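Enquirer:
Number of protein chains: 2
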Amino acid sequence: MKVGILGGGQLARMLALAGVPMGLEFVIVDPKPDACAAGLGRFVQADYTDAGALDELAACDCVTCDFENVSADALEALADRVAVRPSAVALAAAQDRLFEKNRFAALGMDTAGYAEVNSRTDLGSAVERLGVPAVVKTRRMGYDGKGQMVLRDGEDLELAWRALGEHALIVEQWVEFDFECAITAVRTADGDMRCWPLSRTWHRDGILRLAGSLAVPGGLQAKAEALVRRLAEDLDYVGGLTLELFAHGDRLLANEFAPRVHNSAHWTIEGAVCSQFENHLRAVCGLPLGATEARGMAAMVNFIGRMPAPEAWLKLPGLHWHDYGKAAREGRKVGHATLNAADSAALKSLAPRLEGLLDADLLGELDSALGEG
Amino acid sequence: MKVGILGGGQLARMLALAGVPMGLEFVIVDPKPDACAAGLGRFVQADYTDAGALDELAACDCVTCDFENVSADALEALADRVAVRPSAVALAAAQDRLFEKNRFAALGMDTAGYAEVNSRTDLGSAVERLGVPAVVKTRRMGYDGKGQMVLRDGEDLELAWRALGEHALIVEQWVEFDFECAITAVRTADGDMRCWPLSRTWHRDGILRLAGSLAVPGGLQAKAEALVRRLAEDLDYVGGLTLELFAHGDRLLANEFAPRVHNSAHWTIEGAVCSQFENHLRAVCGLPLGATEARGMAAMVNFIGRMPAPEAWLKLPGLHWHDYGKAAREGRKVGHATLNAADSAALKSLAPRLEGLLDADLLGELDSALGEG
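Chains as they are written, first to last, in numbering that gives the first Met the number 0: chain A, 0 to 372; chain B, 0 to 372.
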C-alpha cells in the first residue's frame, strides 16, 4: 500500500518510520530540498499545487498531511482522484481560529471567551469586553506561538495592531487554568475510535517543551474523550487528531485542535501499545486500529534550536532519542527524547537526571506532576 | 554519524529503522537490486569487494554487517580504513562450524559431540563414534537449515556424501534437549556488556518459526549469560551477538553463534526497553548501551514464503506487524509479527488468537511454554 504525505517534516518522518515496518511505502511532497522525511520514501520536491506532484499523490492508495495549513483547494481537487484523510473539510476546520472556536461553541464545548476582530475598533471593544490580559492571534497560519501577542494595556493594543492588523484576527480571554493537557484520538472511516491517555503539556514562548502520559485527576480522561469524540464525529474525521485543553478544577476548556499527529503525543512511540503514528496510518489506510493503552509512564522533552550531544543522555535507562536530522535554527523543533519507565514512581526517580536537558522550572513541574510517585 | 552496512536484507532494514530516529545515516551495500533495506539510506548496489563500494564504506564512521558470511579478506582490507564492528576475526569465528565448535570447547563450553569430516572414511568413523541419528553439515555457508542432512543409517551416509561430499564437513551428535533457546548480548569496545532475557526458540525444517521472551527455569539465564560473556570477551567482540543453545535439565549446550543481530531476538523491538537493533548500533557507534530489560512478555512468529494479509491480525491488541517488503519465495523469511502483553497470563490468553498464523503444534508449544500464565 502506498501512502502520499503532503509535507516532509518530522511528523512525516515519524509516520514513515512507523509505516515502513508495516510494509507501507511513501510518496513525500515538500517544496524544501532538505525536508527531513525525504530519505524515507519517494521524495518529490515540489510545491503542494504542482501538477506533477499531485499526479504522484493521486497514484497512491491514500493521501494524508503532516501539517494543517495545506491549501484546501488543492486538497479538494486531489480528493476527486484519491482518498484524502483527514478530509479537506476537517483540515479547513482547524485552519481558522475563529471558525474553530465557533465550532467548539456550536458543539457545546467550553472555550475561553473570544471575539472576532476585523478593525482597530473591534480590537478595542473586544478587549473591553473580555478584559486584560488577553491574547490576540491571527486567525490563520499561526503555530508554535507565531502570530500572537499578549495584550495588557493600551500600548500593547497599539503594538499588536501595528504588527498584526493586516490579518484577520481573534482576541481570546486570558484563561486561568490548573494545567494544560491534550487528548489524542484516532478514528477510522467506519467510526471506530480510540483515545490515548491524556497528555500533560507545558509550553514556553508558545512552544511545547515538555509533555507526558502523567496522571490527571480521575474524571478528566472521560471528559476529554467525550469532547474529542464529539469533534471527530462532527467532522466525520479519519486519522489521528489532538484537542488541546485547559484544565481548571473539573472543567476542561477547548483551546485548539490539530487535524494530524501531534507533538503532545510523541511519547506514544514508546509509551503506548500502538503509537499515534502507526494508528494514524492504520486509520487512513483502512486497517484496524491498534490498542492505545499506555505502556508504563512517559515524559517527552522537546529539543528546540539544536540537538544536544546524545552520549550523556543515552545512559539513562528507558531514554529514547529522536533526532529529526534537521539543521540547527533558533526556535526550530529539531528533536525530542522520551523517558519511559514502568510506573510513576520509577519515572519520578529517573526524572531528576534530565537536568541539563530541561530547565529547572520544568523539572520542578514534572516532579510535582509525578506526585508522590 | 554515518554507518556502513554490508548486506541490505531485513536485518539491515531493521537496523536502519532503529538508527534513523537516533540521527544515524546509512550506506547500504548489497549486490541485489531489490535489497529490502535499500530505501532507508544511500544504497550502493555492488559486490562486497567492489572498489567503489568499499570507498563509500571507508568514508563512514563505522561499518557493520547484516550477515556473517562476508569475505574476511574484504573486511580486513576495509578495517585498515574504517572501524569494522564486529571485527573480521569475530566474523571468521562464526563462518566455519568446526572452528566455532573448537572455540566453544577451548572456552570450556559444553557442546554436542562432533567430528571433522574430510573424506568418506571420516564420515563413516564419525558416525560410528557419535552414533545415529547424527547431523552432517557443511562447515561453511550454511543457514536456515541449508547444507545439512540427518544421518540415520548407511543409506543416509551415501546420500549425504553424494550431496555434500565436495565440501569440508562436520558431523554433530544428535542432541537430546528439553528445549532450544538463545541468548542475545551486546558489548561495547570498552567492554560494557548487557544481555537480554533468554529467547525460547522453535525451529521447523531448520528455520526459526517461533521465538519469545518466555520464562525459562531460574538458573539458566545466569548460565547462558556467563557463556556468551566468555565468548564475547574471547573475541573482544563489539556489537550484538546471539549464542544458540540446547537446554537439557540444568545444562546448556552451545550450538552456534551469530556475530550480528539475530532472528531469535526480533521480539526485543517491542518487548525490551532497548532493542537488539538499537543496541547493536549504539555499540558499533561507540555510544552508551541501552537497558536490555524485558517490557512485558513477547512471542514472535516468523512469516516464511509469503506475508499473510494483515487485517485480521492487526486487531489483536499488542500485535506488531513487520513486513520486510520482500517478494514472496518458498522458504524465504519475508516478515514477522510480535505479540506483546503485560505479563505471561495476558500473553497466554491472547496466544490462541494466533491460530492461522502459527501451526497447531507450535501454538501448543507456546501455550505450554507460557505455563499456568
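Virtual Cβ for every residue (Gly too), placed ideally from N, Cα, C. Model, not experiment: these values are computed from the prediction.
1) To which residues does DSSP link L168/B through a beta bridge?
2) Can you check which of these residues, V88/B, L286/B, P351/B and E24/B, is closest to A308/A by C-alpha distance?
3) As a quick exercise: from C64/A, A221/A and W160/A, pick the residue whose alpha carbon is nearest that of R250/A.
4) By how many angstroms is the C-alpha of M108/B removed from the C-alpha of G141/B?
5) By the criterion of Cβ-Cβ separation under 8 Å, what are the contact partners of A290/B in chain A?
6) Find the residues of chain A that neighbour R459/B, judging by a C-beta separation of less than 8 Å, and give them in chain order.
7) Comparing C-alpha positions only, which one of E329/A, V28/A and K347/A sits nearest to E55/A?
8) Which first and last residues belong to the beta strand (DSSP E) in which R203/A is found?
9) Using a Cβ-Cβ cut-off of less than 7 Å, give me the residues of the region 2 to 22 of chain B that come near chain A, in sequence order.
10) Using a Cβ-Cβ distance under 9 Å, would R294/A count as near chain B?
11) Going by CA-CA distance only, name the one from F42/A, L16/A, A167/A and L10/A that's closest to P30/A.
12) Label R102/A either buried or exposed according to how many other C-beta atoms from any shown protein chain fall within 10 Å of its C-beta, with 16 as the threshold for buried.
13) Taking only three categories from DSSP, how would you classify G317/B?
14) For a minimum of 4 consecutive residues, which ranges assigned as the alpha helix (DSSP H) are wholly contained in the region 231 to 302 of chain A?
15) Label K145/B either buried or exposed according to how many other C-beta atoms from any shown protein chain fall within 10 Å of its C-beta, with 16 as the threshold for buried.
16) Measure the alpha-carbon distance for W347/B versus I206/B and round it to whole angstroms.
17) Among all the DSSP beta bridges, which residues are the ones paired with M192/A?
18) Could you name the residues of the same chain whose beta carbon sits closer than 6 Å to that of A114/B, not counting the 5 residues immediately before and after it, in chain order?
19) Counting beta carbon pairs with one atom in the region 71 to 90 of chain B and one in the region 129 to 138 of chain B, are three or more of them shorter than 8 Å?
20) Could you tell me which chain A residues have their CB closer than 9 Å to the CB of H202/B, listed as they occur along the chain?
21) Considering only DSSP beta bridges, list what E24/A is partnered with.
22) Of the residues L5/B, H265/B, Q44/B and L349/B, which one's Cα is nearest the Cα of A78/B?
23) Looking at chain A, is there any beta carbon in it that lies within less than 9 Å of the beta carbon of G40/B?
24) For a contact defined as C-beta to C-beta under 9 Å, what are the partners of E243/A on chain B?
25) Looking at the secondary structure, which residues open and close the alpha helix (DSSP H) in which A73/B lies?
26) Can you tell which of G248/B, Y236/B, A253/B and A34/B has its C-alpha closest to the C-alpha of L242/B?
27) Quick one: is D33/B near chain A, going by C-beta distance under 9 Å?
28) Roughly how many whole angstroms lie between the Cα atoms of A36/B and A15/B?
29) Would V149/A be called buried (16 or more neighbouring beta carbons within 10 Å of its own) or exposed?
30) Taking W320/A as the query, report the chain B residues whose CB atoms sit under 8 Å from its CB, ordered along the chain.
31) List the whole-angstrom C-beta distance separating G270/B from A297/B, where the pair is believed to meet the contact cut-off of C-beta under 8 Å.
32) Going along the region 259 to 274 of chain A in order, which residues come within less than 7 Å of chain B, judged by CB to CB distance?
33) Any Cβ of chain A within less than 9 Å of the Cβ of N301/B?
34) Candidates F245/B, D233/B and H265/B: which alpha carbon is nearest A293/B's?
35) Run through chain A and tell me which residues come within less than 8 Å of P309/B, C-beta to C-beta.
36) For my contact list, T375/B and M306/B are in at a C-beta cut-off of 8 Å; report their separation, rounded to the angstrom.
Expert: Per the coordinate set shown:
1) By one-based count along the second sequence, residue 168/B stands at place 169. Answer by DSSP bridge pairing, in chain order: V116/B and T137/B.
2) For this step, residue 308/A is matched to residue 309 along the first sequence. Residue L286/B is the option with its Cα nearest to A308/A.
3) As a working mapping, residue 250/A is identified with position 251 in the first sequence. Answer by Cα proximity: A221/A.
4) Along the second sequence, one-based indexing puts residue 141/B at 142. Along the second sequence, one-based indexing puts residue 108/B at 109. Roughly 22 Å separates the two Cα atoms.
5) The residue you call residue 290/B lines up with position 291 of the second sequence. Simply P316 and G317.
6) Residue 459/B lies beyond the stretch modelled for chain B, which goes from 0 to 372, so this question has no answer here.
7) Numbered from 1 along the first sequence, position 56 holds the residue referred to as residue 55/A. The shortest Cα separation from E55/A among E329/A, V28/A and K347/A belongs to V28/A.
8) Along the first sequence, one-based indexing puts residue 203/A at 204. That run of the beta strand (DSSP E) goes S198 to R203.
9) From the region 2 to 22 of chain B, only L16, V19, P20, M21 and G22 have a Cβ closer than 7 Å to chain A.
10) Position 295 of the first sequence, counting from 1, holds the residue named residue 294/A. So, interface residue.
11) As a working note, residue 30/A is residue 31 in the first sequence. Measuring from the Cα of P30/A, the nearest candidate turns out to be F42/A.
12) Counted from its first residue, the first sequence places residue 102/A at position 103. Result: buried.
13) Counting from 1 along the second sequence, the entry for residue 317/B is found at position 318. Coil, per DSSP.
14) The region 231 to 302 of chain A contains these whole alpha helix (DSSP H) runs: 267 to 270 and 275 to 283.
15) Sequence index remark: in the second sequence, residue 145/B carries index 146 (1-based). Answer is exposed; the Cβ neighbour count stays below 16.
16) As a first step, residue 347/B must be located in the second sequence, where it is residue number 348. As a first step, residue 206/B must be located in the second sequence, where it is residue number 207. It should be noted that the sequence gives Lys, not Trp, for residue 347/B. The alpha-carbon atoms of K347/B and I206/B are separated by roughly 24 Å.
17) Here residue 192/A is taken as the residue at index 193 of the first sequence, counted from 1. Beta-bridge pairing by DSSP links M192/A to R186/A.
18) The count along the second sequence starts at 1 and reaches residue 114/B at position 115. A125 and V170.
19) No: the two stretches stay apart, fewer than three of their Cβ pairs being nearer than 8 Å.
20) In the second sequence, counting from the first residue as 1, residue 202/B sits at position 203. Simply none; closest approach about 24 Å.
21) Within the first sequence, numbered from 1, the residue matching residue 24/A stands at position 25. Beta-bridge pairing by DSSP links E24/A to K1/A.
22) To locate residue 78/B, count along the second sequence from 1; it is residue 79. Comparing alpha carbon positions, the residue from L5/B, H265/B, Q44/B and L349/B closest to A78/B is L5/B.
23) Position 41 of the second sequence, counted from the first residue, corresponds to residue 40/B. Taking 9 Å as the threshold, the shortest C-beta distance from G40/B to chain A falls below it.
24) In the first sequence, the residue the question calls residue 243/A occupies position 244. Ordered by position in chain B, no residue passes the 9 Å Cβ test against E243/A, which lies about 25 Å from the chain.
25) Residue numbering aside, residue 73/B sits at position 74 when the second sequence is read from its first letter. Unbroken alpha helix (DSSP H) run through A73/B: A71 to A78.
26) Position 243 of the second sequence, counted from the start, is the residue given in the question as residue 242/B. Nearest option by C-alpha distance: A253/B.
27) As a first step, residue 33/B is located in the second sequence; it is residue number 34 there, counting from the start. Proximity of D33/B to chain A, defined by a Cβ-Cβ separation below 9 Å, is not satisfied.
28) Looking up residue 36/B in the second sequence gives position 37. Looking up residue 15/B in the second sequence gives position 16. Going by the C-alpha atoms only, they are around 8 Å apart.
29) Reading the first sequence from its first residue, position 150 is the one you call residue 149/A. Label assigned to V149/A: exposed.
30) In the first sequence, counting from the first residue as 1, residue 320/A sits at position 321. Below the 8 Å Cβ cutoff, chain B contributes P20, M21 and G22 as neighbours of W320/A, in chain order.
31) Taking the second sequence and counting its residues from 1, one reaches residue 270/B at position 271. Taking the second sequence and counting its residues from 1, one reaches residue 297/B at position 298. Taking a contact as a CB-CB distance under 8 Å, the pair G270/B and A297/B counts as one, their CB atoms being some 3 Å apart.
32) Taken in chain order, the members of the region 259 to 274 of chain A whose beta-carbon sits within less than 7 Å of a beta-carbon on chain B are V272.
33) Here residue 301/B refers to the residue found at position 302 when the second sequence is read from its first residue. Not closer than 9 Å to any Cβ of chain A, the Cβ of N301/B fails to qualify, so no.
34) For this step, residue 293/B is matched to residue 294 along the second sequence. Of the listed residues, the one whose Cα sits closest to A293/B is H265/B.
35) On the second sequence, residue 309/B is found 310 positions in, with the first residue counted as 1. Neighbours of P309/B on chain A, chain order: M21, G22 and L286.
36) Residue 375/B lies beyond the residue range present for chain B, which begins at 0 and ends at 372; the question has no answer from this structure.
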